[in-house]
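Beneath this line is the structure, given in structure tokens, with notes to follow.
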Amino acid sequence: MDLYVERQCVQEIKKGNWKQFLLLFDASFSAVYKYVFRRVGDRNEAERITRLTYLDAISKVQETPSETSYAVWLYSLARPRVFNFINKASFPEKQGLIDVAEKSDGDGDMEKVNKMLVKLSMEEREILRLKFFEEVTDGDVMLVLGSEDGSIGAKIYRVLKRAHLLLFGESDERHGVYFGEISGLLSKARDTEKIDVPEAFRLSLRADLAGRVEKRGFAINIDAVAETKPTVSPWVKPEATVEEAAKGSNDPAKIFVEAVKEMSDEERKAWRTGKMDEVKKEETAGNELDKFEKRERILEFF
Numbered sequence: 186m187d188l189y190v191e192r193q194c195v196q197e198i199k200k201g202n203w204k205q206f207l208l209l210f211d212a213s214f215s216a217v218y219k220y221v222f223r224r225v226g227d228r229n230e231a232e233r234i235t236r237l238t239y240l241d242a243i244s245k246v247q248e249t250p251s252e253t254s255y256a257v258w259l260y261s262l263a264r265p266r267v268f269n270f271i272n273k274a275s276f277p278e279k280q281g282l283i284d285v286a287e288k289s290d291g292d293g294d295m296e297k298v299n300k301m302l303v304k305l306s307m308e309e310r311e312i313l314r315l316k317f318f319e320e321v322t323d324g325d326v327m328l329v330l331g332s333e334d335g336s337i338g339a340k341i342y343r344v345l346k347r348a349h350l351l352l353f354g355e356s357d358e359r360h361g362v363y364f365g366e367i368s369g370l371l372s373k374a375r376d377t378e379k380i381d382v383p384e385a386f387r388l389s390l391r392a393d394l395a396g397r398v399e400k401r402g403f404a405i406n407i408d409a410v411a412e413t414k415p416t417v418s419p420w421v422k423p424e425a426t427v428e429e430a431a432k433g434s435n436d437p438a439k440i441f442v443e444a445v446k447e448m449s450d451e452e453r454k455a456w457r458t459g460k461m462d463e464v465k466k467e468e469t470a471g472n473e474l475d476k477f478e479k480r481e482r483i484l485e486f487f
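Okay, so the sequence shown: first residue is 186 according to my numbering, each after it adds one.
Below, the structure is given as structure tokens:
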């Protein structure tokens, strides 16, 4: 989705048009799921973190930035949960990157990449992933990592230099050599990975989010109606006749009480004993229609 369109959607959501959220979901789901799966390597965990990421996005909609892509902002929401999972994992392969050597069919370059990644810190691996797999800008890397000190450019340069040293050894430090050579190798690693985005999970999550969005939109509409509804002073008691109360009231109990008041003693006794049919037969033709309507209102109430 175009960045301009994303901004329009974000602005509409902040105004209360929650249906725009589903458009952003459709445009970002695949990228977010792949971002998470690349780091945790487990489908169940990837689905769990992806789901929680979108729920976080709903709860923090007013904090959504408009100067960057929506997917990058979702990366920043997912990253703490991803890192928490990696920190708790006890297996060596759970170090923030999938073992690309397993998918390389003995490719020597991919084995070199895998060995290089193992020697980097978690943050350094995250920077390489963001730059060469998610392909984001330096500013987006800063947003995802939560860095605000303005030193992200220097940090990225140091990571590239170290990765290049681990992959190719010493270099003559020609301008751009670090980025160019590493980019070619990691792009090849990205092309070899196979991440199947589960369609069933996408549809299930979308349905869940659609329900939540519908409830939020409904709540906003109710609040708007409540704000525009005229108020009546509690000290002003509206006047109404007994007949108006019986005919105009929406309260079934009031209708029932007024109808019973107009019944004869014989009718009340018959109604209590369940012999209304016998009383019907004894009524005169002139009053039959009027009394029948009264009884019908009572019977409909019960």
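A virtual CB, placed ideally from N, CA and C, is assigned to each residue, including glycine.
- The beta carbons of Val225 and Ala231 sit closer together than 8 angstroms.
- Less than 8 angstroms separates the beta-carbon of Glu366 from that of Phe353.
- Within 10 angstroms of the beta-carbon of Glu399 lie fewer than 16 other beta-carbons, which makes it exposed.
- Of the candidates Lys297, Arg223 and Leu207, the residue whose Cα lies closest to the Cα of Arg264 is Arg223.
- A straight line joining the alpha-carbon of Phe210 with that of Glu311 spans about 23 angstroms.
- Contact between Val329 and Tyr260 holds: their C-beta atoms lie close to 5 angstroms from each other, under 8 angstroms.
- Around the C-beta of Lys200, fewer than 16 other C-beta atoms lie within 10 Å, and the residue is accordingly described as exposed.
- Runs of the beta strand (DSSP E) lying entirely within the stretch 304–369, each at least 3 residues long, are absent.
- Ranked by Cα distance from Leu371, the first of Leu394, Arg397 and Asp294 is Asp294.
- By the neighbour-count criterion, in which a residue is buried when 16 or more other Cβ atoms sit within 10 angstroms of its Cβ, Thr238 is buried.
- In the DSSP assignment, Ile234 falls within the unbroken alpha helix (DSSP H) covering Arg228 to Ser244.
- By the CB criterion at 8 angstroms, Arg236 and Leu390 fall inside the cutoff.
- Going by beta carbons, Tyr363 and Leu345 fall inside the 8 angstroms limit.
- In chain order, Trp258 place their CB closer than 7 angstroms to the CB of Pro250, counting only its own chain and leaving out the 5 sequence neighbours on each side.
- A distance of 8 angstroms or more separates the beta carbons of Arg266 and Phe317.
- By the CB criterion at 8 angstroms, Ile337 and Met307 fall outside the cutoff.
- In this structure, the CA atom of Met301 is about 19 angstroms from the CA atom of Glu320.
- Leu305 and Ala348 have their C-alpha atoms roughly 8 angstroms apart.
- Of the residues assessed, Ser213 falls on the buried side of the cut-off, its CB having 16 or more other CB atoms within 10 angstroms.
- For Asp241, same chain residues with a beta-carbon under 6 angstroms away, outside a window of 5 residues either side, are Leu262 in chain order.
- Glu309 counts as buried, since no fewer than 16 other beta carbons sit within 10 angstroms of its beta carbon.
- Annotation for Gln193: the continuous alpha helix (DSSP H) segment containing it runs Leu188 to Lys199.
- The DSSP-derived three-state label of Asn202 is coil.
- Each of Ala256, Ala395, Lys340 and Leu208 was checked against the Cα of Leu313, and the nearest Cα belongs to Lys340.
- With respect to the 8 angstroms criterion, Ile234 and Val221 are classified as neighbours on the basis of their beta carbons.
- A direct Cα-to-Cα measurement between Ser368 and Leu315 gives close to 12 angstroms.
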